[in-house]
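Visitor: Quick one: this structure, given as structure tokens, is what I'll be asking you about.
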Amino acid sequence: MLPISILSTQQRRIRSELGRLDVLINNAGISHAGEPGRKLEEVGKSGKPSVASIEEVRTVFETNVFGVIAVTQAMLPVLRKAPTARIVNVSSGSGSLTLNADPNNSHREMFGVVYSPSKTALNAITLAFAIELESTGIKVNAVCPGFTATDLNNFEGTGTVQQAARHPVPCSS
Ligand SMILES: NC(=O)c1ccc[n+]([C@@H]2O[C@H](COP(=O)([O-])OP(=O)(O)OC[C@H]3O[C@@H](n4cnc5c(N)ncnc54)[C@H](OP(=O)(O)O)[C@@H]3O)[C@@H](O)[C@H]2O)c1
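Numbering (the numbering used here), first residue to last: 669 to 841.
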């Protein structure tokens, strides 16, 4: 996560150069904090509740959860300057408690204590911001881009980045 001082500098720069921020898309995220290039299966195994490294859980939450709170708080002054600002948090179906509680969900084996619960927490944070900002006209939504071939999953995803990028658009307009 960027240090708070850098976030404030960015916010001031947006304010002085553009006057306002219409859309904030919190896209940054990590799936693990181990060696780069690990296969998804390996990441899934090391994220199991019984063996996961607490340090790795902390690192992933730092970016996926605390980072979103910090960036959103830092950008709120310039979002408030826009007439109908939008905040879109890029979350994941893998964080859904409803989907993962369903025994028929074949992907629930990947629900460990590292990445998936960070997205569960992100969903909760999205709701918390949406509730607080309800009366301001700033809408806050979470989206899932789908299982996309990126660095995040060792390019094992099945969708393209172009397809994934369409998901935040309706929430941003
Ligand atoms: N790919 C999927 O199947 C999938 C599915 C559901 C949800 N998502 C979500 O989609 C979002 C984008 O992921 P992606 O698949 O595009 O992965 P990606 O290719 O690995 O991109 C992640 C991006 O986040 C940035 N980032 C990571 N940690 C950061 C930090 N601490 N501070 C600032 N930037 C940071 C990375 O910057 P650097 O390159 O500079 O490190 C990179 O640009 C994530 O929130 C992810 O959880 C992805």
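Cβ atoms here follow ideal geometry from the backbone N, Cα and C, with glycine treated the same way. Please read these numbers as outputs of a predicted model, since none were measured by experiment.
With a cut-off of 8 Å, do at least 3 Cβ pairs link the segment 744 to 753 to the segment 813 to 825?
Guide: With a cut-off of 8 Å, the segment 813 to 825 and the segment 744 to 753 do not count as touching, because too few Cβ pairs lie within range.
Visitor: Among the candidates Gly761, Lys787 and Pro785, whose CA atom is the shortest distance from the CA of His775?
Guide: The residue labelled residue 775 in the question sits at position 107 within the sequence shown. That would be Gly761, whose Cα lies nearest to the Cα of His775.
Visitor: Examine the Cβ distances between the segment 727 to 740 and the segment 691 to 710 and report whether three or more of them are shorter than 8 Å.
Guide: Yes: at least three Cβ pairs fall under 8 Å.
Visitor: Can we say the segment 798 to 817 touches the segment 712 to 722, given the rule of at least three CB pairs closer than 8 Å?
Guide: In short, these stretches do not touch, since the Cβ pair count stays below three.
Visitor: Mind checking which residues open and close the alpha helix (DSSP H) that includes Leu795?
Guide: For the purposes of this step, residue 795 is taken as residue 127 along the sequence shown, with counting starting at 1. Counting along the chain, the alpha helix (DSSP H) containing Leu795 begins and ends at Tyr783 to Leu801.
Visitor: Our contact map puts Asn757 next to Val739 with C-beta atoms below 8 Å; I'd like the distance itself, whole angstroms only.
Guide: Position 89 of the sequence shown holds residue 757. Position 71 of the sequence shown holds residue 739. Asn757 to Val739, Cβ: 10 Å. No contact.
Visitor: Quick one: is the Cβ of Asn768 within less than 8 Å of any heavy atom of ligand 1?
Guide: Counted from its first residue, the sequence shown places residue 768 at position 100. No, since every heavy atom of ligand 1 falls outside the 8 Å radius drawn around the Cβ of Asn768.
Visitor: Residue range of the beta strand (DSSP E) that Lys807 falls in?
Guide: In the sequence shown, the residue the question calls residue 807 occupies position 139. From DSSP, the beta strand (DSSP E) with Lys807 extends over Lys807 to Val811.
Visitor: Is Gly814 near ligand 1 - that is, is its Cβ less than 8 Å away from at least one heavy atom of it?
Guide: Indexing the sequence shown from 1 puts residue 814 at position 146. Result yes, Cβ under 8 Å from ligand 1.
Visitor: Over what stretch of residues does the alpha helix (DSSP H) that includes Arg726 continue unbroken?
Guide: As a working note, residue 726 is residue 58 in the sequence shown. Per DSSP, Arg726 belongs to the alpha helix (DSSP H) from Ile722 to Phe729.
Visitor: With DSSP as the reference, label Gly735 as helix, strand or coil.
Guide: Counting from one through the sequence shown, the residue named residue 735 turns up at place 67. Three-state result, Gly735: helix.
Visitor: What residues in its chain sit with their C-beta under 8 Å from that of Glu723, if we drop five residues either side in the sequence?
Guide: By one-based count along the sequence shown, residue 723 stands at place 55. Result list for Glu723: Ala701, in chain order.
Visitor: Closest by CA to Gly780, which one among Glu710, Leu675, Leu801 and Ala810?
Guide: On the sequence shown, residue 780 is found 112 positions in, with the first residue counted as 1. Ranking the options by Cα distance to Gly780, first place goes to Glu710.
Visitor: Flag Ser841 as yes if its beta-carbon sits less than 9 Å from any beta-carbon of chain C, otherwise no.
Guide: Annotation note: the requested chain C is absent from the structure, which comprises a single protein chain.
Visitor: Is the closest heavy atom of ligand 1 to the C-beta of Thr794 under 8 Å?
Guide: Translated into the one-based positions of the sequence shown, residue 794 becomes position 126. Checking the Cβ of Thr794 against ligand 1 gives no.
Visitor: Where does the unbroken alpha helix (DSSP H) through Asn768 begin, and where does it stop?
Guide: If you number the sequence shown from 1, residue 768 lands on position 100. Leu765 to Ala769 is the extent of the alpha helix (DSSP H) around Asn768.
Visitor: Taking buried to mean at least 16 other C-beta atoms within 10 Å of its own C-beta, is Thr828 buried or exposed?
Guide: As a first step, residue 828 is located in the sequence shown; it is residue number 160 there, counting from the start. Answer is exposed; the Cβ neighbour count stays below 16.
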